[in-house]
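Just so we're aligned, residue 1 is where the sequence shown starts under the UniProt record's numbering, counting upward by one.
Each residue gets a CB set at the ideal place from its N, CA and C atoms; glycine is no exception.
What you are looking at is a predicted structure, and each value in this text was computed from that prediction instead of being measured.
This report refers to the structure that appears directly beneath it.
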Amino acid sequence: MSPTKAIKVGNVLMGAEWPVSIQTMWKDPLPVFSGYDDPRLPPIIERISDLKRLGCHIIRFAVPDISAAESLGLLAGRSPMPIVADIHFDWRIALRCMDFPVAKIRINPGNIGAEWKVREVAAKAMDKGIPIRIGINGGSLPVDLAQEEHDTVSAALKAAEREIEVLESMHFSDIVVSLKMNQPDEVVRANEEFASRYPYPLHLGVTEAGPLVAGVVRNTAALVPLLKQGIGATIRVSISDSMEQEVLAGKEILACAGKNAHGVRIVSCPRCGRASFDTHAFTSRWMNRLYSIDADISVAIMGCVVNGPGEARHADLGITGAGNSVLIFKHGEIIRKIDARDADAAFQEELSKLTREKSEQGRLFARQK
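Have a look at this one:
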């Protein structure tokens with residue numbers, strides 16, 4: 001099941017048959033910038049660029065007040081990826097954000113206020129060509145619905161319905177909807193029901209999912225079943241960890257669901273008493289660099305010769321411990337035996353060769369098409 005309507009968020013298209021995009025959310029308050037030459041701006045832009053290289057497509061910022069809207073405005077025009085302004089409580093903040101090149105506005109029906117405020121936001125969004133995400137959270141539902149409905153899913157769906165009716169009455173249809181709860185089964189049920197009724201793209205996620213391990217497990221439990229049904233246009237894996245981990249988790253979830261399986265795939269052994277190579281440290285050093293490579297490559301990082309190259313013979317490139325030495329292998333064939341101290345340098349050399357080969361193969365394929 002796919003949404004029938006496509007929405008443009010900056011340079012990212014979502015919905016219809018467009019690929020599922022990955023989002024994250026900036027974890028800290030934005031500084032109050034003094035202007036475009038503020039020295040605190042470039043490091044933020046560089047961090048956003050790094051996230052884009054990892055595979056992130058859209059980034060969201062909390063905008064709690066007008067000064068934050070001004071800071072976001074200074075950033076929005078220079079951001080390497082589309083920026084979403086996340087608005088709660090005060091509709092005037094949304095209005096101010098739209099004076100700048102933000103790509104989308106998120107409002108929460110549970111706290112944005114009276115209908116006329118939503119209409120003001122929608123009127124300006126329509127004028128500016130900015131889509132709106134109706135962001136429903138199970139923990140902050142409109143008070144009347146929270147009191148009337150004993151079922152969180154039913155209340156969330158009614159909240160979305162009510163907001164959609166307001167926007168549609170204004171002929172506003174650049175709508176994205178999210179229905180987030182902290183129980184995976186509720187997330188699945190709510191999004192399945194919504195997708196059966198409406199053509200609007202769905203932003204998938206689990207709210208308050210928890211720390212890294214718990215958060216990834218809960219998001220996977222909710223998102224993979226939906227994605228396999230064709231439900232979901234964009235995802236954000238909310239976890240109490242770094243933005244980088246959210247993006248990497250999002251990529252793995254999409255791959256597990258058979259979506260957008262592009263880029264580097266890393267397999268590594270958990271390590272045991274046979275290990276003669278510190279796979280944990282090596283993986284930690286190389287993970288972000290590997291995931292930033294724009295090529296379909298599988299990499300194996302193994303601790304001993306049982307797992308590599310034997311059990312990892314499928315890998316395009318692999319590294320494994322072998323007593324006091326380290327072996328580097330390609331497609332199960334050992335190509336180098338080196339001292340462990342030289343592992344990083346040798347691996348970099350072979351990885352560079354492999355990426356050049358893949359790039360050349362891509363060019364040949366493009367010419368043949």
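Should residue i go down as buried or exposed, given a rule of 16 or more other Cβ atoms within 10 Å for buried?
| i | result |
| --- | --- |
| A315 | buried |
| Y36 | exposed |
| V143 | exposed |
| R40 | exposed |
| E246 | buried |
| D174 | buried |
| I7 | buried |
| N137 | buried |
| V63 | buried |
| K259 | buried |
| Q23 | buried |
| residue 370 | Past the boundaries of the shown model lies residue 370; the chain is included only from 1 to 369, so the question cannot be answered. |
| V237 | buried |
| R356 | exposed |
| C272 | exposed |
| M170 | exposed |
| G110 | buried |
| K353 | exposed |
| S196 | exposed |
| A222 | buried |
| N11 | exposed |
| G129 | exposed |
| E17 | exposed |
| E360 | exposed |
| E186 | buried |
| H57 | buried |
| A114 | exposed |
| P270 | exposed |
| R289 | exposed |
| G263 | buried |
| H331 | exposed |
| K104 | buried |
| S49 | exposed |
| K180 | buried |
| P201 | buried |
| P211 | exposed |
| I45 | exposed |
What are the boundary residues of the alpha helix (DSSP H) that includes residue i?
| i | result |
| --- | --- |
| K228 | 212-228 |
| E192 | 184-197 |
| D50 | 41-54 |
| E333 | Segment 333-339 is the beta strand (DSSP E) holding E333; no alpha helix (DSSP H) there. |
| I293 | No alpha helix (DSSP H) holds I293; DSSP gives it neither H nor E. |
| G73 | 66-76 |
Since residue i and residue j are thought to touch, with beta carbons under 8 Å apart, how far apart are those beta carbons, to the nearest angstrom?
| i | j | result |
| --- | --- | --- |
| I266 | V299 | 5 Å |
| L351 | Y291 | 13 Å between Cβ atoms; not a contact. |
| A275 | G321 | 6 Å |
| F194 | V177 | 6 Å |
| A155 | E161 | Their Cβ separation, rounded to whole angstroms, is 11 Å, which puts A155 and E161 out of contact at 8 Å. |
| A190 | V153 | 5 Å |
| T283 | G303 | Not a contact, Cβ separation roughly 10 Å. |
| I59 | W26 | 6 Å |
| G251 | G15 | Correcting the residue identity first, residue 251 is Lys in this sequence and not Gly. Not a contact, Cβ separation roughly 20 Å. |
| L167 | I132 | 7 Å |
| E165 | V118 | Not really, about 11 Å apart at Cβ, beyond 8 Å. |
| T234 | S34 | Incorrect: roughly 33 Å between the Cβ atoms, too far for contact. |
What are the boundary residues of the beta strand (DSSP E) that residue i is part of?
| i | result |
| --- | --- |
| L317 | 317-322 |
| residue 378 | A question about residue 378 goes unanswered here, because the residues of the chain that appear run from 1 up to 369. |
| S325 | 325-330 |
| S34 | Careful: S34 lies outside any beta strand (DSSP E) and carries neither H nor E. |
| K180 | 175-180 |
| H203 | 202-204 |
| I7 | 6-9 |
| V12 | 12-15 |
| M25 | 21-25 |
Answer yes or no: does any C-beta atom of chain D fall closer than 8 Å to that of residue i?
| i | result |
| --- | --- |
| L75 | This model lacks chain D altogether; it includes just one protein chain. |
With respect to 7 Å, is the separation between the Cβ of residue i and the closest non-hydrogen atom of the ligand GDP below this value?
| i | result |
| --- | --- |
| R356 | Ligands in the displayed structure: none, and consequently the ligand GDP is not present. |
Let me know the beta strand (DSSP E) ranges lying completely inside the segment 78-166, each 3 residues or longer, listed in chain order. 83-87, 104-107, 132-137
Along the chain, which unbroken stretches of the beta strand (DSSP E) at least 3 residues long are found entirely within the segment 235-284? Counting only runs of 3 or more, we get 264-268.
Would the segment 73-81 and the segment 120-131 be scored as touching if the rule is three or more Cβ pairs under 8 Å? no
Closer than 8 Å is the cut-off here; do at least three beta carbon pairs connect the segment 292-311 with the segment 66-74? no
So, does the segment 83-101 touch the segment 321-341, judging by three or more C-beta pairs under 8 Å? No, because fewer than three Cβ pairs between the segment 83-101 and the segment 321-341 fall closer than 8 Å, the two stretches do not touch.
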